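Asks: As they're listed, the protein sequences go chains A and B.
Count the first sequence with this note's numbering and you get residues 19 to 287, in order.
Count the second sequence with this note's numbering and you get residues 200 to 537, in order.
Note that the Cβ used here is the ideal one computed from N, Cα and C, for glycine as well.
Note that the structure is predicted; figures quoted are calculated from it, not measured.
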Amino acid sequence: MRRPTEEAPWLRWVLCLAAVGVAVLFLVLPLAAVFAEAFRRGWEPAVRALADPDALAAVRLTLLVAAVAVPVNLVGGVAAAWAIAKFDFPGRRLLMVLIELPFSVSPVISGLVYVLVFGAQGWLGPWLEERGVQVIFALPGIVLATIFVTFPFVARTLIPLMQDQGRTEEEAAATLGADGWRMFRHVTLPNIRWALLSGVLLCNARAMGEFGAVSVVSGHVRGETNTMPLHVEILYNEYQFVAAFAVAGLLALLALVTLGAKAVLERAG
Amino acid sequence: MIEVQGLHLRYGGVAALDGVNLALRAGEFVALLGASGSGKTTLLRSLAGLEFPDAGQVLIEGRDMAAVPARERGVGFVFQNYALFRHMTVFENIAFGLRIKPRRLRPGRAEIVRRVEELLALVRLPGMGGRHPDQLSGGQRQRVALARALAIEPRVLLLDEPFGALDAKVRKELRHWLRGLHDRLGLTSLFVTHDQDEALELADRVAVMRDGRVVQFDTPEALLAAPADAGVAGFLGDAVPIDCVVRDGQAWFEGLPPVAVAGVAEGKAVAFLRPVDLLVEPGAGEARVAAARQDGRGVRLTVETAGMLLEATPAPGWMPRRGEPCRVTALAARVFPA
Numbered sequence: 019m020r021r022p023t024e025e026a027p028w029l030r031w032v033l034c035l036a037a038v039g040v041a042v043l044f045l046v047l048p049l050a051a052v053f054a055e056a057f058r059r060g061w062e063p064a065v066r067a068l069a070d071p072d073a074l075a076a077v078r079l080t081l082l083v084a085a086v087a088v089p090v091n092l093v094g095g096v097a098a099a100w101a102i103a104k105f106d107f108p109g110r111r112l113l114m115v116l117i118e119l120p121f122s123v124s125p126v127i128s129g130l131v132y133v134l135v136f137g138a139q140g141w142l143g144p145w146l147e148e149r150g151v152q153v154i155f156a157l158p159g160i161v162l163a164t165i166f167v168t169f170p171f172v173a174r175t176l177i178p179l180m181q182d183q184g185r186t187e188e189e190a191a192a193t194l195g196a197d198g199w200r201m202f203r204h205v206t207l208p209n210i211r212w213a214l215l216s217g218v219l220l221c222n223a224r225a226m227g228e229f230g231a232v233s234v235v236s237g238h239v240r241g242e243t244n245t246m247p248l249h250v251e252i253l254y255n256e257y258q259f260v261a262a263f264a265v266a267g268l269l270a271l272l273a274l275v276t277l278g279a280k281a282v283l284e285r286a287g
Numbered sequence: 200m201i202e203v204q205g206l207h208l209r210y211g212g213v214a215a216l217d218g219v220n221l222a223l224r225a226g227e228f229v230a231l232l233g234a235s236g237s238g239k240t241t242l243l244r245s246l247a248g249l250e251f252p253d254a255g256q257v258l259i260e261g262r263d264m265a266a267v268p269a270r271e272r273g274v275g276f277v278f279q280n281y282a283l284f285r286h287m288t289v290f291e292n293i294a295f296g297l298r299i300k301p302r303r304l305r306p307g308r309a310e311i312v313r314r315v316e317e318l319l320a321l322v323r324l325p326g327m328g329g330r331h332p333d334q335l336s337g338g339q340r341q342r343v344a345l346a347r348a349l350a351i352e353p354r355v356l357l358l359d360e361p362f363g364a365l366d367a368k369v370r371k372e373l374r375h376w377l378r379g380l381h382d383r384l385g386l387t388s389l390f391v392t393h394d395q396d397e398a399l400e401l402a403d404r405v406a407v408m409r410d411g412r413v414v415q416f417d418t419p420e421a422l423l424a425a426p427a428d429a430g431v432a433g434f435l436g437d438a439v440p441i442d443c444v445v446r447d448g449q450a451w452f453e454g455l456p457p458v459a460v461a462g463v464a465e466g467k468a469v470a471f472l473r474p475v476d477l478l479v480e481p482g483a484g485e486a487r488v489a490a491a492r493q494d495g496r497g498v499r500l501t502v503e504t505a506g507m508l509l510e511a512t513p514a515p516g517w518m519p520r521r522g523e524p525c526r527v528t529a530l531a532a533r534v535f536p537a
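1. So who's on the other strand from B:L258, going by DSSP bridges?
2. Where do the ends of the beta strand (DSSP E) carrying B:I441 lie?
3. Counting only Cβ pairs nearer than 8 Å, list the residues of chain A close to B:D280.
4. Nearest to B:M507 by CA position, among B:E485, B:V267 and B:M200, is which residue?
5. In terms of residues, what are the limits of the alpha helix (DSSP H) holding B:Q395?
6. Starting from the N-terminal side, write out each stretch of the beta strand (DSSP E) that is 3 residues or longer and does not extend beyond the region 297-327 of chain B.
7. Please tell me whether B:V274 has its Cβ less than 8 Å away from any Cβ of chain A.
8. At which residue ranges does the region 326-409 of chain B contain complete alpha helix (DSSP H) runs of 4 or more residues, listed in the order of the chain?
9. Would B:M264 be called buried (16 or more neighbouring beta carbons within 10 Å of its own) or exposed?
10. Pull up the distance between the alpha-carbon of A:Q139 and that of A:L157, whole angstroms please.
11. Using the Cβ count rule (16 or more neighbours within 10 Å means buried), how would you classify B:L399?
12. Considering only residues of the same chain and omitting the five flanking positions on each side of A:A101, which have a CB-CB separation below 8 Å?
13. Looking at the secondary structure, which residues open and close the alpha helix (DSSP H) in which A:A73 lies?
14. So with Cβ pairs under 8 Å, would you call B:G296 a contact of chain A?
15. From the beta carbon of A:V282, is the nearest beta carbon of chain B less than 8 Å away?
16. In the DSSP assignment, what residue or residues form a beta bridge with B:R209?
17. Look up A:P120 in the DSSP assignment and say whether it is helix, strand or coil.
18. Got a sec? Which residues, its chain only, sit under 8 Å from B:P541 by beta carbon, not counting five neighbours each side?
19. Name, please, each residue of chain A whose Cβ falls closer than 7 Å to the Cβ of B:A215.
20. Using a Cβ-Cβ cut-off of less than 8 Å, list which residues of the region 182-211 of chain A approach chain B; keep chain order.
21. Whose Cβ in chain A lies nearer than 8 Å to the Cβ of B:L249?
22. Put A:E251 into one of helix, strand or coil per three-state DSSP.
23. Would you kindly work out how many angstroms separate the C-alpha atoms of B:S235 and B:P353, rounded to a whole number?
24. Can you name, in chain order, every residue of its own chain whose Cβ lies under 6 Å from the Cβ of A:F166, other than the five neighbours on each side?
25. When you compare the CB positions of B:R314 and B:A350, do they come within less than 8 Å of one another, or not?
26. Under the criterion of a Cβ to heavy atom distance below 7 Å, does B:A532 qualify as lining the ligand MN?
27. Please list, in chain order, the chain C residues whose beta carbon lies closer than 9 Å to that of B:F284.
28. Identify each residue in the region 332-349 of chain B for which the Cβ-Cβ distance to at least one residue of chain A is less than 9 Å, and report them in chain order.
29. Going along the region 295-329 of chain B in order, which residues come within less than 8 Å of chain A, judged by CB to CB distance?
30. Just to make sure I have the definition right: I need the residues of chain A whose C-beta is within less than 7 Å of the C-beta of B:R270. Which are they?
31. Please name the residue in A:F263, A:P22, A:T276 and A:R21 whose C-alpha comes closest to that of A:C221.
32. If you measure from the beta carbon of B:I351 to each beta carbon in chain A, is any gap under 8 Å?
33. Along the chain, where does the beta strand (DSSP E) that runs through B:F278 open and close?
34. In the DSSP assignment, find the unbroken beta strand (DSSP E) run with B:A483 in it and report its ends.
35. Excluding the 5 residues preceding and the 5 following B:A254 in the sequence, name in chain order all residues of the same chain whose CB lies nearer than 6 Å to its CB.
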């Protein structure tokens, strides 16, 4: 007897094979190719490419940008999710749409917007320049663009969970004498901690890997404003394939470690 | 103890509270009874500081609560679905209100342990402190929620449908236990229910709510004897509405002998008859036994007369049989102009 929702065995096999096939072809193979290309001439050229000062500068910049963007989005994402899930206020729906904006707008446009606002010919550019602050083609611009592009990850992970959990535990805490901070610290935060970690890790993976928006605002100054993805592109365009793939491999490795950490944490939680 | 004056609250254009007045004396156990959507939960939440009325006043022990946030009201609140902190043990749940007190008011660690043990014993869950809420039955969760609310030693206890999610047997046990606890601790309690039996059985006084207003606030006996209007009469005591005509100080029915009524205007009216108001005797008459069965409380009898099916009380010593002819007398009726 077959359950009504169960398909014939041959069909199940075909579907599974198709799914695995697609995953291997489009996800695993390219990733394997990155590492294969990087080590094509053995370990030594790959390691030398990574030890290059420009490559090291790109790694440092990427980690620095992530180190600023992720905590900012952690705080901003939690605040947005808390506001949306736990309170009714005018503009709540608008805020929800705004949170999704960075997902729906092309990263290149996100970058261009920052150039328009902060660039030398932009709205705030001249004013900032007079005060010796450079945003575009400098670290602040890269950080801003990264924050913008990665903002939705934390908020989007938390909102459904927090809406699902409702407000009554917080209300109970309030009637027991808890102020807003204690309510958040002792009731809300413990209930969302695993989702929060997962959102932060996704945010981190994207912050390190973002290309489009960062490319527009960075100015591609080697050793100064090149993040890892930009450095990979430059090396590749200069036909330095081993070096390009070595840096790409390191970047992919960082992302894989992040995803692995996420999987482990999800199992624990 | 608790005074509510002219409370109004609108949700998106709909009046959830439409001028509520209510005054509770210290030590009273009061039920807020009403159909769903009548505003009873909204009223309870307004007292706790979880809703913010548009107009009107809430006084607790003579103090105006308008500017007092929920966390400073010192009111115990038991939520309908208990709202236990799911990531905390039973012990931590109960200790929460003590642990988050400002440092100078916070009891010491040993004192907190002692108090929680005491509360666990009080709600008859000794030794359960290490469990998590999802390891407890509904009745146990309910008692943990109560212990947690009592930990801050409130003078006022508010309970939202405290027995709503429990099965009938547990519900009966718990309600008598809760009433005993209320008396022992000297609390002033207000509980929301849509179950009239629960309200009439437990409460010193019952506030009947409808459309965001308290339509009657009285003792259970007074409510049953003199409902304020047709709505209250229909809501209480399994009363059945029957059309009648009032003439010469009597209500005239089709299929029933007339009943004396006082102070009702002549003309068309509606009478509410409870099973205890209808006495049925065997013998030739216009009525017929439609169903009869014996249960733990006596004989449940349904008679048919003039096309109506009415629950009624059999004369003492008579065991009615289905189809048997009989006579129905109305002993009393609450009659309201139609």
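Replies: On the basis of the data shown:
1. Taking the second sequence and counting its residues from 1, the one referred to as residue 258 of chain B is at position 59. Note: B:L258 sits in a beta bridge opposite B:E202 and B:D263.
2. Within the second sequence, the letter at position 242 stands for residue 441 of chain B. V439 to R446 is the extent of the beta strand (DSSP E) around B:I441.
3. Stepping through the second sequence from its first residue, residue 280 of chain B is reached at position 81. For the sequence presented, residue 280 of chain B should be read as Asn rather than Asp. Result: T186.
4. Against the second sequence, residue 507 of chain B aligns to sequence position 308. It is B:E485.
5. Residue mapping note: residue 395 of chain B aligns to position 196 of the second sequence, counting from 1. Its alpha helix (DSSP H) spans residues Q395 to L401.
6. none
7. In the second sequence, residue 274 of chain B corresponds to position 75, counting from 1. So yes, B:V274 belongs to the interface.
8. 337-349, 367-384 and 395-401
9. Position 65 of the second sequence, counted from the start, is the residue given in the question as residue 264 of chain B. The residue is buried, with at least 16 neighbouring Cβ atoms inside 10 Å.
10. On the first sequence, residue 139 of chain A is found 121 positions in, with the first residue counted as 1. On the first sequence, residue 157 of chain A is found 139 positions in, with the first residue counted as 1. Taking the straight line joining both Cα atoms gives about 18 Å.
11. On the second sequence, position 200 is the one that residue 399 of chain B refers to. It counts as buried.
12. What you label residue 101 of chain A is simply residue 83 of the first sequence in a count that begins at 1. Excluding positions up to five away in sequence, the list reads F107, R110 and L113.
13. Counted from its first residue, the first sequence places residue 73 of chain A at position 55. Here the alpha helix (DSSP H) through A:A73 covers P71 to K104.
14. Translated into positions along the second sequence, residue 296 of chain B becomes position 97. Chain A, which has a Cβ nearer than 8 Å to the Cβ of B:G296, makes this yes.
15. Within the first sequence, the letter at position 264 stands for residue 282 of chain A. A:V282 does not count as touching chain B.
16. Mapped onto the second sequence, residue 209 of chain B falls at position 10. Paired residue(s): B:A214.
17. The residue given as residue 120 of chain A occupies position 102 in the first sequence. The answer is helix: DSSP assigns A:P120 an H, G or I state.
18. What is shown of chain B runs 200 to 537, which leaves residue 541 of chain B out entirely.
19. For the purposes of this step, residue 215 of chain B is identified with residue 16 of the second sequence, where counting begins at 1. Within 7 Å Cβ-Cβ: nothing; B:A215 doesn't reach chain A, min ~14 Å.
20. T186, E187, E189, A190, A191, A192, T193, L194, G195, A196, D197, R200, H204, V205, P208 and N209
21. Looking up residue 249 of chain B in the second sequence gives position 50. Ordered by position in chain A, the residues that pass the 8 Å Cβ test against B:L249 are E189, A192 and T193.
22. Taking the first sequence and counting its residues from 1, the one referred to as residue 251 of chain A is at position 233. Looking at A:E251 - three-state DSSP - the assignment turns out to be helix.
23. Looking up residue 235 of chain B in the second sequence gives position 36. Looking up residue 353 of chain B in the second sequence gives position 154. Each residue's Cα considered, the two are about 27 Å apart.
24. Walking along the first sequence from the start, residue 166 of chain A turns up at place 148. Here the set comprises P120 and S128.
25. For the purposes of this step, residue 314 of chain B is taken as residue 115 along the second sequence, with counting starting at 1. For the purposes of this step, residue 350 of chain B is taken as residue 151 along the second sequence, with counting starting at 1. Result yes, Cβ atoms of B:R314 and B:A350 sit closer than 8 Å.
26. Among the components of this structure there are no ligands whatsoever, and the ligand MN is therefore not found.
27. The displayed structure is made up of protein chains A and B, and chain C is not among them.
28. A344, R347 and A348
29. F295, G296, I299 and K300
30. Residue 270 of chain B sits at position 71 when you count from the first residue of the second sequence. Simply A192, G195, A196 and D197.
31. By one-based count along the first sequence, residue 221 of chain A stands at place 203. Measuring from the Cα of A:C221, the nearest candidate turns out to be A:T276.
32. For this step, residue 351 of chain B is matched to residue 152 along the second sequence. Yes, contact with chain A.
33. As a working note, residue 278 of chain B is residue 79 in the second sequence. Counting along the chain, B:F278 falls outside any beta strand (DSSP E), and DSSP gives it neither H nor E.
34. For the purposes of this step, residue 483 of chain B is taken as residue 284 along the second sequence, with counting starting at 1. Looking at the DSSP string, the run of the beta strand (DSSP E) that includes B:A483 is L477 to D494.
35. In the second sequence, counting from the first residue as 1, residue 254 of chain B sits at position 55. Contacts found: H207.
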